[in-house]
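The block underneath contains the structure these notes are about, expressed in structure tokens.
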Amino acid sequence: MLKRRTLIAAGSLLCMPALAQSRTKVRFAGGGVALYGYMPFFVAIGQDLFAKHGLEADVAMFPGGALAMSAVLGGSSDIACGFYEHTIQIAAKGGKLTAFVLQAQNSGLALGVRKDLAGEIKTAADLKGRKIGVSAPGSSTHLFAMQLMVKAGLKRTDAAAIGVGTTQTALAAFQSKQIDALSLFDPIIADLESKGEIVVLADARDTAGSTAIFGGPYASGSLYGESTWLGKNEETGRRAAAAIVEAVTFLKSATPEQAIGALGKGMCFLDSGVCASAFTRNREAFNHTGKFTMEQAETVKKMLAGFDPAIAAANVDLGPTFTNKLS
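Count the sequence shown with my numbering and you get residues 1 to 327, in order.
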């Protein structure tokens, strides 16, 4: 985990007049650095949108969404920046997490193999016995890989999931051949593609690819909190959602250069040209209003139930797993 820090107001590319002097402190748990599925969150950090909407954002970054979820469940964080699917996983276990603003539609994930193994690993069915790099075991990157393996006729445990984070550590693990395949987001995948080092087997970075893999519209990056906490802190949730919606609105019309320039420091740690090109590829993910649809939720549930018997048997009520009343 990166050191928790309280974000200080910075220069902004967006027009953001200062609001009230007194701000409510909120502890955010970030599910990974430099992921396009969480780009609105990083814009909100870089452009001080949380402060604009009356919040003092205290952010702790984790290597993957599963760890951010654990921080919220354990009470060390109030709100997670993570994938919506975690709310369904917890609901299947009797817990209550509620997503209250959508950051990105489409999965945004891609699974690829090292180029030197492309002749041996041509589909997800060939991943048996291999090492797959994921942000962290149990995170969305891991779930994506398991879903693809099960659809290809394998067991979800037929390949080893190796946590490699979402930044240079993932690149290093892939390039040093510590892993055979990588399930991750742009800009890492885009960078490896630009260098000719990866062959992508499954690509859900745009609407067509995401729909083809999951069979319908998808809800991915979100903000969510423990349901009881959120019920007691609706105004705080509403302010956090407003910051994300403002960032989403900005990303809809921003040029690639503007979008990358609006990120917080360190959120694009690769060549700016790679990050800008990857933004163009992922832009469709931000063509929404910040609200969830039941159809998106049902697609995510179907995906999870397809490889997890516990979720398939749980008969999860999707209603409490998301709300649109704050966004």
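Note that beta-carbon positions come from the ideal geometry of N, C-alpha and C, so glycine has one too.
| Asked | Found |
| --- | --- |
| Three or more beta-carbon pairs under 8 Å between the segment 192-209 and the segment 110-127, yes or no? | yes |
| What's the gap between the Cα of residue 3 and the Cα of residue 61? | With a pLDDT of 36 at residue 3, under the threshold of 50, the modelled position of this residue cannot be trusted, and the question is left open. |
| Could you check whether residue 219 and residue 102 sit closer than 8 Å to each other, using their CB atoms as the reference points? | yes |
| State whether the segment 89-104 contacts the segment 319-327, with contact taken as three or more CB pairs (one from each stretch) at a distance under 8 Å. | yes |
| Cutting at 8 Å between CB atoms, please list the residues of its own chain near residue 72, excluding the five before and the five after it. | 29, 78, 79, 80, 97, 224, 225 and 226 |
| Return the residue from the list 236, 125, 275 and 249 that minimises the CA-CA distance to residue 188. | 275 |
| Would you call residue 48 buried or exposed, if buried means 16 or more other Cβ atoms sit within 10 Å of its Cβ? | buried |
| Does DSSP put residue 56 in a helix, in a strand, or in coil? | strand |
| Start and end of the beta strand (DSSP E) containing residue 244? | Where residue 244 is concerned, there is no enclosing beta strand (DSSP E), although the alpha helix (DSSP H) it sits in stretches over 234-253. |
| Thinking just about the alpha-carbon of each residue, which of 153, 133 and 139 is nearest to the one in residue 359? | Since the displayed the chain opens at 1 and closes at 327, residue 359 lies outside it and no answer follows. |
| Compare the beta carbon distance of residue 36 and residue 287 with 8 Å and say whether it is the shorter of the two. | no |
| Identify every residue that forms a DSSP beta bridge with residue 223. | 81 and 101 |
| Should residue 253 be labelled buried (16 or more other beta-carbon atoms within 10 Å of its own) or exposed? | exposed |
| Give the single residue among 83, 92 and 25 whose Cα lies nearest to the Cα of residue 55. | 25 |
| Helix, strand or coil for residue 269, going by three-state DSSP, please let me know. | coil |
| Going along the chain, which residues of its own chain have a beta-carbon closer than 7 Å to the beta-carbon of residue 284, five neighbours each way excluded? | 106, 206 and 207 |
| Using the beta-carbon count (16 or more within 10 Å), is residue 85 buried or exposed? | buried |
| Among the residues of its own chain, which have a CB less than 7 Å from the CB of residue 148, if the five just before and after it don't count? | 111, 124 and 202 |
| Keeping to the same chain, check which residues put their C-beta closer than 8 Å to that of residue 280; ignore five residues upstream and five downstream. | 256 |
| Taking the alpha carbon of residue 308 as the point to measure from, which residue in 143, 23 and 137 has its own alpha carbon closest? | 143 |
| Would you mind sorting residue 172 into buried or exposed? The rule is 16 or more other CB atoms within 10 Å of its CB. | exposed |
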